[in-house]
Amino acid sequence: MTHQPPAPERPRAVVAGSSGFIGSALIADLRRRGYDVRRVGRSGPDARWDAPDEIDAVVDGADLLVNLAGKSVGCRYHDRNRNEIYRSRIATTLALHRAVARAAQPPRLWLNASTGTIYRHAMDRPQTEAEGELGGGFSVDVARNWERVFGHGDLPRTRRVALRMAIVLGDDGALPMLRTAARFGLGGPEYDGWWLPHRRYRGIGPHPTTSKPLDHHTGGRQRFSWIHIEDVLRAVEFIDTREDLSGPVNLAVPEASDNTTLMAGLRGAVGVPVGLPAPRWLLEIGMLVLRQESELVLKSRWVAPEKLLAAGFEFRHTDLGAALRELA
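Put into structure tokens, the structure is as follows:
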């Protein structure tokens, strides 16, 4: 009788915060690539945030660790939501950092989510990893402290990459909300302007910063940096194989679009020929109804993927209109 040799053990990938649409897509892709995927979340299923021993068990011996955990920013920035957006990112990243530091066999690579919103409101030039200027205020402070906790200390056997993602286009996330606005005739450009003062965007964390007043004359030309979910997955696989990539890496198409082009593309995708322009006062009313913040569409995000391009990564989706039609 011939004995078959045991099948080789598959490398383990640990994904924290896998319940969102990016996490779900990533898990499916990692399994396609041959990874044995374990998940960390509030209720597991493989490790729970309130059980450090369970986190230690899945992290020790893992080949790859990916952290996407954190409360969705798709909400109003009232104090309870602000505090939970901040806490959920800092606490989960700290818990994973401790597990990696304690591991006898720490992960080879740790990818931690971050955001392109860390850069300032930029109408003048693209923001690269090397020369980008960080902004100020709530969203920026969340990102700054998230990356600070992620990058602190010495983890000599683990390469760390902070994924500064632009707005990810897919079946969920920001796109459905923008499509809804276009379908109801509000698919015109969104214009900044004076609005009632509020404190929802004030800084947070141990050293809160102050955001500079935005340029209220963007005229619908505020930049819109984006990336297709498929290119997010391809970039993760690319970074996995490139030992020379570490630190912050921008995930955004090479040529940012703008708000006017975005809204025109959305109108075309949903078959609505006309869209009313939205001045700031009207936008604020709409965002209140949708339980969102106007920062999503008024901040000029001009993120450039200098590191990925220099390393030879090729984007598959760079036509915004085509991407919107595909995902409509």
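According to our numbering, numbering within the sequence shown proceeds without interruption in unit steps and concludes at 384. Every residue, glycine too, gets a C-beta built ideally from N, C-alpha and C.
Item                                                                                                                                                              : Value
Taking only the alpha-carbon atoms, compute the straight-line gap between residue 346 and residue 339 and give it to the nearest angstrom.                        : 10 Å
Run through DSSP, which three-state label would residue 170 get?                                                                                                  : strand
What are the partner residues of residue 313, as DSSP defines its beta bridges?                                                                                   : 280
Could you check if residue 237 is buried or exposed, using at least 16 other CB atoms within 10 Å of its CB as the buried criterion?                              : buried
Which value, in whole angstroms, describes the spacing of the CA atoms of residue 282 and residue 365?                                                            : 15 Å
Tell me the rounded alpha-carbon separation between residue 284 and residue 65.                                                                                   : 32 Å
Using a Cβ-Cβ cutoff of less than 6 Å, which residues in the same chain neighbour residue 192 once the five nearest sequence positions on both sides are dropped? : 265, 266, 267
Closest to residue 203 by C-alpha separation, out of 172, 212, 225, would be which residue?                                                                       : 172
Mapping the DSSP letters down to three states, classify residue 164 as helix, strand or coil.                                                                     : coil
For the beta strand (DSSP E) holding residue 92, just list the boundary residues, first then last.                                                                : 92-97
Near residue 163, which residues of its chain fall below 8 Å by C-beta distance, leaving aside the five closest residues on each side in sequence?                : 70, 115, 118, 119, 120, 121, 156, 214
Counting C-beta neighbours from all protein chains within 10 Å, is the total for residue 166 16 or more, i.e. buried, or is it exposed?                           : buried
Between residue 57 and the rest of its own chain, which residues show a CB-CB distance below 7 Å, the 5 nearest in sequence each way excluded?                    : Because residue 57 sits at a pLDDT of 47, beneath the cut-off of 50, its placement in the model cannot be relied upon, and the point is left open.
Indicate whether residue 352 and residue 169 have their beta-carbon atoms separated by less than 8 Å.                                                             : no
Pick out whichever of 316, 326, 363 has its Cα sitting closest to the Cα of residue 304.                                                                          : 363
From the DSSP output, which residues share a beta bridge with residue 306?                                                                                        : 220
Three or more C-beta pairs closer than 8 Å, one from the segment 133-152 and one from the segment 81-90: is that the case here?                                   : no
Measure from the alpha carbon of residue 244 to the alpha carbon of each residue in 335, 152, 200, 225, then state which is nearest.                              : 335
If distances are taken between C-alpha atoms only, which option among 207, 174, 179, 123 comes closest to residue 195?                                            : 174
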